[in-house]
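First to last, the protein sequences are chains A and B. The C-terminal residue of the first sequence carries number 199 in numbering that gives the first Met the number 0, and the numbering is unbroken. The C-terminal residue of the second sequence carries number 199 in numbering that gives the first Met the number 0, and the numbering is unbroken. Glycine included, each C-beta is placed from N, C-alpha and C at the ideal position. Just so we're clear, the structure is a prediction, and the values are computed from it rather than from any experiment.
2 protein chains.
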Amino acid sequence: MASKSATVDKRRQILDAAVRVFARQGFHATRVSDIADEAGVAYGLVYHYFRSKDEVLNELFAERWSLLLAAIEEADRAGGPHRDRLAAVASFIVDSYRHDPELMKVIIVEVTRAANSFGQTHLAEIRRAYESIAKIVADGQEAGAFRSDIAPLFASMTFYGAVEQLLSGWIFDVIPASDTNFDQAKDLLVTTICDGLEPR
Amino acid sequence: MASKSATVDKRRQILDAAVRVFARQGFHATRVSDIADEAGVAYGLVYHYFRSKDEVLNELFAERWSLLLAAIEEADRAGGPHRDRLAAVASFIVDSYRHDPELMKVIIVEVTRAANSFGQTHLAEIRRAYESIAKIVADGQEAGAFRSDIAPLFASMTFYGAVEQLLSGWIFDVIPASDTNFDQAKDLLVTTICDGLEPR
DNA sequence: CTCCACTGATTGACCAGTCAATCGGTTGTC
DNA sequence: GACAACCGATTGACTGGTCAATCAGTGGAG
Numbered sequence: 000m001a002s003k004s005a006t007v008d009k010r011r012q013i014l015d016a017a018v019r020v021f022a023r024q025g026f027h028a029t030r031v032s033d034i035a036d037e038a039g040v041a042y043g044l045v046y047h048y049f050r051s052k053d054e055v056l057n058e059l060f061a062e063r064w065s066l067l068l069a070a071i072e073e074a075d076r077a078g079g080p081h082r083d084r085l086a087a088v089a090s091f092i093v094d095s096y097r098h099d100p101e102l103m104k105v106i107i108v109e110v111t112r113a114a115n116s117f118g119q120t121h122l123a124e125i126r127r128a129y130e131s132i133a134k135i136v137a138d139g140q141e142a143g144a145f146r147s148d149i150a151p152l153f154a155s156m157t158f159y160g161a162v163e164q165l166l167s168g169w170i171f172d173v174i175p176a177s178d179t180n181f182d183q184a185k186d187l188l189v190t191t192i193c194d195g196l197e198p199r
Numbered sequence: 000m001a002s003k004s005a006t007v008d009k010r011r012q013i014l015d016a017a018v019r020v021f022a023r024q025g026f027h028a029t030r031v032s033d034i035a036d037e038a039g040v041a042y043g044l045v046y047h048y049f050r051s052k053d054e055v056l057n058e059l060f061a062e063r064w065s066l067l068l069a070a071i072e073e074a075d076r077a078g079g080p081h082r083d084r085l086a087a088v089a090s091f092i093v094d095s096y097r098h099d100p101e102l103m104k105v106i107i108v109e110v111t112r113a114a115n116s117f118g119q120t121h122l123a124e125i126r127r128a129y130e131s132i133a134k135i136v137a138d139g140q141e142a143g144a145f146r147s148d149i150a151p152l153f154a155s156m157t158f159y160g161a162v163e164q165l166l167s168g169w170i171f172d173v174i175p176a177s178d179t180n181f182d183q184a185k186d187l188l189v190t191t192i193c194d195g196l197e198p199r
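Structural data, given as structure tokens:
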């Protein structure tokens with residue numbers, strides 16, 4: 000039964016190769032042949048597993064974004080101080096980058112921030128993340144843990160924007176990306192946002 | 000002497016048309032002929048005034064970004080409470096969007112966040128903005144107005160990321176863009192960031 | 001023999017940038 | 001004032017190169 004697992008392997012192999020090439024050259028600048036070469040596979044095989052070059056990126060995004068959405072919803076469902084729930088979200092995103100910087104680079108650069116191409120296609124899913132974070136804020140407001148004079152979606156956008164900007168900073172070497180900075184960053188984010196949100 | 004001013008007009012006409020088309024379709028999806036059509040001008044004339052399609056966008060970015068850099072540096076030079084200096088920066092950016100949303104959309108979507116294409120080219124100039132904001136934070140820390148345990152560049156990235164994310168939210172209708180929200184946003188930003196930065 | 005993963009040469013569309021031709025206005029000469 | 005020489009602005013058909021996607025075929029497993 001090597002065939003089924005070989006099939007799965009080849010598909011995965013192509014996806015993983017695509018991450019590397021997209022991260023290195025950007026989606027637009029990579030030819031389908033680059034992906035095939037990187038994966039050590041024939042050009043046509045990419046089209047055996049994917050309908051188009053776009054679909055390769057869509058698949059990569061869908062895989063990871065669903066994990067993010069799950070993590071955010073889980074952070075809220077888990078209960079505990081609302082400040083810690085936001086910390087869990089920041090932590091998940093930062094750790095995603097720490098664990099697989101190339102994939103996160105691709106997702107941020109080519110989808111999340113590529114509002115005119117893939118960002119448009121996935122806008123609804125991206126918005127879901129904003130809304131889930133906003134729900135954490137809204138819950139916190141109801142519980143009296145956060146001040147109520149700021150719209151939850153505004154706070155959510157601010158928070159997410161700050162996180163993504165830090166990742167971008169690491170990705171493009173605007174700020175150094177050591178492990179220390181990763182953990183500092185989580186603290187900074189939560190401190191900055193929450194001390195602004197909590198009533199005094 | 001109509002010839003000199005006609006020349007200037009045509010160049011401007013092409014730049015303005017490019018803003019509209021880039022905002023509508025995105026840089027990649029717009030053909031040079033789209034720009035020419037929108038400007039009511041022949042295809043080849045675009046190449047009379049600009050060396051390439053890229054140069055059109057570069058010009059648009061350079062024009063506006065230099066204003067932003069000047070505004071940030073002016074905000075710091077002007078003195079006053081450091082909180083207000085950050086408020087001035089947020090205000091300038093938000094008002095830039097209020098005044099010319101299409102241009103700001105193009106600059107954010109196609110340059111600032113297009114890290115694989117134009118963002119790369121203009122990285123140094125973009126970084127200058129982060130650093131100028133960081134200087135405001137550092138000055139604030141020295142004066143005792145801001146807590147000193149957060150690296151200025153981190154704070155700067157967080158702040159700028161939050162601002163840009165809000166603009167993105169308006170651009171793509173994730174959050175409504177009424178005048179009220181513009182001013183709310185300035186307040187939200189400054190309150191969130193500074194109440195997290197100020198010593199208690 | 002059948003099926004399907006796999007191959008890679010070929011095709012067809014697309015588009016940035018080129019260039020030779022035209023237009024219209026200005027200057028200079030008698 | 002008439003004419004010509006000149007020159008930069010303007011035009012748009014055309015070219016060359018680039019790729020995404022297709023498809024006819026190969027080989028190996030069951």
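Helix, strand or coil at glycine 43 of chain B according to DSSP, with G and I counted as helix
By 1-based counting over the second sequence, the position of residue 43 of chain B is 44. In this structure, glycine 43 of chain B counts as helix in the three-state DSSP scheme.
Through-space distance from glutamate 62 of chain A to aspartate 172 of chain B, alpha-carbon basis
If you number the second sequence from 1, residue 172 of chain B lands on position 173. If you number the first sequence from 1, residue 62 of chain A lands on position 63. Looking at the two C-alpha atoms, the distance is approximately 25 Å.
Using a Cβ cut-off of 9 Å, pull out every chain A residue sitting near valine 108 of chain B, in sequence order please.
Stepping through the second sequence from its first residue, residue 108 of chain B is reached at position 109. Under the 9 Å cutoff, chain A gives Arg112, Ala113, Ala114, Asn115 and Gly118.
Beta-carbon within less than 7 Å of alanine 89 of chain A's beta-carbon, same chain only, minus the 5 sequence neighbours each way: which residues are those?
Here the question's residue 89 of chain A lines up with position 90 in the first sequence. Around alanine 89 of chain A: Val162, Lys185, Leu188 and Val189.
Give the interface partners of glutamate 163 of chain B over in chain A, defined as CB-CB distance under 8 Å, in chain order.
Position 164 of the second sequence, counted from the first residue, corresponds to residue 163 of chain B. Here the neighbours are Gly160 and Gln164.
Out of A:Glu72, A:Asp148 and A:Asp94, which one is the CA nearest neighbour of threonine 179 of chain A?
Within the first sequence, the letter at position 180 stands for residue 179 of chain A. Comparing Cα-Cα distances from threonine 179 of chain A to each of A:Glu72, A:Asp148 and A:Asp94, the minimum goes to A:Asp94.
Can the beta-carbon of valine 272 of chain A be found closer than 8 Å to that of lysine 52 of chain A?
For chain A, the structure presents residues 0 to 199; residue 272 of chain A sits outside this window and is missing.
Could you check the C-alpha separation between alanine 154 of chain A and valine 136 of chain A for me, to the nearest Å?
Translated into positions along the first sequence, residue 154 of chain A becomes position 155. Translated into positions along the first sequence, residue 136 of chain A becomes position 137. Looking at the two C-alpha atoms, the distance is approximately 7 Å.
Limits of the unbroken alpha helix (DSSP H) element including histidine 81 of chain A
The residue given as residue 81 of chain A occupies position 82 in the first sequence. That run of the alpha helix (DSSP H) goes 81-98.
Can you list, in chain order, the residues of its chain whose CB lies under 7 Å from that of lysine 3 of chain B, leaving out five sequence neighbours each side?
Locating residue 3 of chain B in the second sequence gives position 4, where the first residue counts as 1. Its pLDDT being 43, under 50, lysine 3 of chain B is placed unreliably in this model, and the coordinates cannot settle the point.
Could you say which of A:Glu109, A:Leu85, A:His98 and A:Phe91 lies nearest to serine 177 of chain A if we only look at CA atoms?
As a position in the first sequence, residue 177 of chain A is number 178, starting the count at 1. Selected option, being the one with the closest Cα: A:His98.
Chain A beta carbons: is any one of them nearer than 8 Å to that of phenylalanine 153 of chain B?
The residue you call residue 153 of chain B lines up with position 154 of the second sequence. Output row for phenylalanine 153 of chain B: interface = yes.
Alanine 142 of chain B versus B:Ile174, B:Gly43, B:Ile125 and B:Gly79, residue with shortest Cα-Cα distance:
Here residue 142 of chain B is taken as the residue at index 143 of the second sequence, counted from 1. Comparing alpha carbon positions, the residue from B:Ile174, B:Gly43, B:Ile125 and B:Gly79 closest to alanine 142 of chain B is B:Gly79.
Near-chain A residues of the region 165-178 of chain B - C-beta to any C-beta below 8 Å
Leu165, Ser167, Gly168, Ile170, Phe171, Val173 and Ile174
Mind listing which residues of the region 15-40 of chain B have their C-beta closer than 8 Å to chain A's C-betas, in chain order?
Gln24, Gly25, Phe26, His27 and Ala28
Alpha carbon to alpha carbon, what distance is there between valine 45 of chain B and leucine 68 of chain A?
Numbered from its first residue, the first sequence carries residue 68 of chain A at position 69. Numbered from its first residue, the second sequence carries residue 45 of chain B at position 46. Distance between the alpha carbons of leucine 68 of chain A and valine 45 of chain B: 45 Å.
Enclosing alpha helix (DSSP H) for threonine 29 of chain A [first to last residue]:
Position 30 of the first sequence, counting from 1, holds the residue named residue 29 of chain A. Unbroken run through threonine 29 of chain A: none, as it is neither H nor E.
Does the count of Cβ pairs from the region 113-132 of chain B and the region 34-45 of chain B closer than 8 Å reach three?
No, they do not touch.
Taking aspartate 205 of chain B as the reference, give the member of B:Phe181, B:Gly168 and B:Phe158 with the closest Cα.
Coverage of chain B is limited to positions 0 through 199, which leaves residue 205 of chain B absent and any answer about it impossible.
Counting only Cβ-Cβ distances shorter than 7 Å, please list the residues of the region 126-157 of chain B near chain A, keeping chain order.
Arg126, Tyr129, Ile149, Leu152, Phe153, Met156 and Thr157
Does any CB atom of chain B fall closer than 8 Å to the CB of leucine 85 of chain A?
Here the question's residue 85 of chain A lines up with position 86 in the first sequence. No, because no Cβ of chain B sits closer than 8 Å to the Cβ of leucine 85 of chain A.
Classify proline 175 of chain A: buried if its beta carbon has 16 or more other beta carbons within 10 angstroms, exposed otherwise.
By 1-based counting over the first sequence, the position of residue 175 of chain A is 176. Under this definition proline 175 of chain A is an exposed residue.
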